[in-house]
């Protein structure tokens, strides 16, 4: 009887410990992304421990851009809860008339235009221990194909609620 009680206690302890370890990472995050050109809501969903999909709805002057990214995450600098990530994706959107700054050059649009292009991402993300918050800082190099071609490099700061 004592062995059964001890075994039950050990199994329960292991389940509690393993659930605490899993709880330190997250499966889904929703929040805001503040970028050099667009800012707006974002959602990130992990397919497994190191692979995630991220969607961003970026609102900018006279337009909106929807971006989808495939990201690979790995530990960074031996710091707990800090991850380095990189990946690729695409964007599509629409902008109206106006002047837009793009990586040192002004782009002038005299009419509405469709945006379509390829994206990359390179960044760091820190999940705050014991809090459901993740903070990220990244660079989003992209090539605009529909109104270009031209190259653009957009910095970004993300703040997300994790669950």
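Residue numbers (mature numbering (1 follows the signal peptide of the UniProt record, and there is no 0)): -23 to -1, 1 to 140.
Glycine included, C-beta positions come from ideal geometry on N, C-alpha and C.
Please read these numbers as outputs of a predicted model, since none were measured by experiment.
Among residues of its own chain, excluding the 5 on either side of residue 21, which ones have a beta-carbon nearer than 6 Å to its beta-carbon?
-> 6, 29 and 31
Measuring CB to CB, does residue 43 end up less than 8 Å from residue 68?
-> yes
Is the beta carbon of residue 111 sitting closer than 8 Å to the one on residue 137?
-> yes
Whose C-beta lies closer than 6 Å to the C-beta of residue 11 among residues of the same chain, with five residues either side of it excluded?
-> 134
Supposed close pair residue 139, residue 47 - CB separation, criterion 8 Å | That pair is no contact at about 19 Å.
Spell out the partners DSSP gives residue 67 in its beta bridges.
-> 45 and 95
Beta-ladder partner(s) of residue 111, from DSSP | 104 and 137
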